[in-house]
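Chemist: This structure is in structure tokens; I'll ask about it shortly.
In this note's numbering, the protein residues as written are 3 to 122.
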């Protein structure tokens, strides 16, 4: 399971929204106070090391883009949480959501129907 810091999440959200970017371009999308370019470069390199970003070389610069879509990352995160906290049991995970009233009976029934129809 890939864990992201808050700074990494902010950067990834921008990559998912804007597409491939150079670090200087990424900086343009930050609100004031903007992070220092070295800090942002470190965040981007760390995201690449974690497998979240990939790069293309353009002369001496790198343009970075997401290696995983937001949906793929979400699925991997859910799998990791279910593996770590629910012993790989999706039934236990859904049961916890129902018990804590995070998912209603109607939503659960709709989910079952979607599975039965092959829509998910």
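Backbone N, C-alpha and C define an ideal beta-carbon position, used for all residues, glycine too.
1. Secondary structure at residue 56, three-state DSSP: helix, strand or coil?
2. Run through DSSP, which three-state label would residue 66 get?
3. Whose CA, out of 35, 41, 57, 37, lies closest to the CA of residue 21?
4. For residue 35 and residue 12, what's the separation of their Cα atoms in angstroms?
5. Roughly how many angstroms lie between the CA atoms of residue 108 and residue 31, to the nearest whole one?
6. Could you tell me which residues DSSP puts in a beta bridge with residue 24?
7. Identify whether residue 2 lies in helix, strand or coil by the three-state DSSP scheme.
8. Which whole-angstrom value describes the C-beta separation of residue 4 and residue 52, a residue pair presumed to lie in contact below a C-beta threshold of 8 Å?
9. Less than 9 Å between the C-beta atoms of residue 78 and residue 45, yes or no?
Modeler: So, from the data block:
1. Here residue 56 is taken as the residue at index 54 of the chain shown, counted from 1. Of the three classes helix, strand and coil, the one that applies to residue 56 here is strand, per DSSP.
2. Indexing the chain shown from 1 puts residue 66 at position 64. In the displayed model, residue 66 falls within a strand according to three-state DSSP.
3. In the chain shown, counting from the first residue as 1, residue 21 sits at position 19. Ranking the options by Cα distance to residue 21, first place goes to 57.
4. Locating residue 35 in the chain shown gives position 33, counting from the first residue. Locating residue 12 in the chain shown gives position 10, counting from the first residue. Going by the C-alpha atoms only, they are around 14 Å apart.
5. Working through the chain shown from its first residue, we reach residue 108 at position 106. Working through the chain shown from its first residue, we reach residue 31 at position 29. Going by the C-alpha atoms only, they are around 40 Å apart.
6. Against the chain shown, residue 24 aligns to sequence position 22. DSSP lists 65 as the bridge partner or partners of residue 24.
7. Nothing can be reported for residue 2: it is not among the residues displayed for the chain, which extend from 3 to 122.
8. Start at 1 with the first residue of the chain shown, and residue 4 comes out as number 2. Start at 1 with the first residue of the chain shown, and residue 52 comes out as number 50. With a Cβ gap of about 5 Å, residue 4 and residue 52 count as contacting.
9. By 1-based counting over the chain shown, the position of residue 78 is 76. By 1-based counting over the chain shown, the position of residue 45 is 43. No, they are not a contact pair.
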